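Here the structure is laid out as structure tokens; the discussion comes afterwards.
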Amino acid sequence: MFDFEKLDVYKKAKELNKEILKFLKENKQTDYYIRDQLKRASISIVINIAEGSGKFSKPDKRNFYTIARGSVYECVSLFELIFEEGQINKEKFDGIYQEFETISKMLLGLINSQK
């Protein structure tokens, strides 16, 4: 087993990524650019956590976890646009927002542990 597979934040990010990919498959009316950007940003969270865990130095790890956290922020802003366009209901938006907020806090903990 790889180190990243043991991280709770990796597991949460991977599960949320599955949910996002399912949302994108079911919601074809969303603008192509937004769909593409959301897909890439969501995947970026997962792969940057994995890549960061494999680095040897604390600054390298911290950099990848910071990139992953930036991608969380990107996803949240994209979901805000989708919500404002009426392509997702408030309940679904709030649930996804909460998941991203949890992942962001977990990543902040990892980032701070690499000082």
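Residues 64 to 178 in the working numbering are what the sequence shown spells out, letter by letter. Glycine included, each C-beta is placed from N, C-alpha and C at the ideal position. None of these values were measured; they are calculated from a predicted model.
Short check: CB of residue i to CB of residue j, under 7 Å?
| i | j | result |
| --- | --- | --- |
| Ala76 | Ile159 | no |
| Gly115 | Lys102 | no |
| Tyr128 | Leu173 | yes |
| Ser134 | Ile108 | yes |
| Leu70 | Ala131 | no |
| Ala104 | Glu137 | yes |
| Asn90 | Gln150 | yes |
Counting C-beta neighbours from all protein chains within 10 Å, is the total for residue i 16 or more, i.e. buried, or is it exposed?
| i | result |
| --- | --- |
| Lys178 | exposed |
| Phe65 | exposed |
| Asn111 | buried |
| Phe9 | The structure shown does not extend to residue 9, since the chain spans only 64 to 178, so no value can be given for it. |
Judging by CA-CA distance, which residue of the options is the nearest neighbour of residue i?
| i | options | result |
| --- | --- | --- |
| Ile83 | Phe67, Ile106, Gly133, Phe65 | Ile106 |
| Tyr73 | Glu164, Ala113, Leu87 | Ala113 |
| Lys85 | Lys155, Pro122, Ser120, Lys118 | Lys155 |
Given the structure, does residue i come close to the ligand GDP, in the sense that its CB is under 6 Å from one of the ligand's heavy atoms?
| i | result |
| --- | --- |
| Leu84 | Ligands are entirely absent from the displayed structure, and the ligand GDP is therefore not among its contents. |
Would the stretch 137-149 count as touching the stretch 87-101 if we require 3 or more Cβ pairs under 8 Å? Under the three-pair Cβ rule at 8 Å, the stretch 137-149 counts as touching the stretch 87-101.
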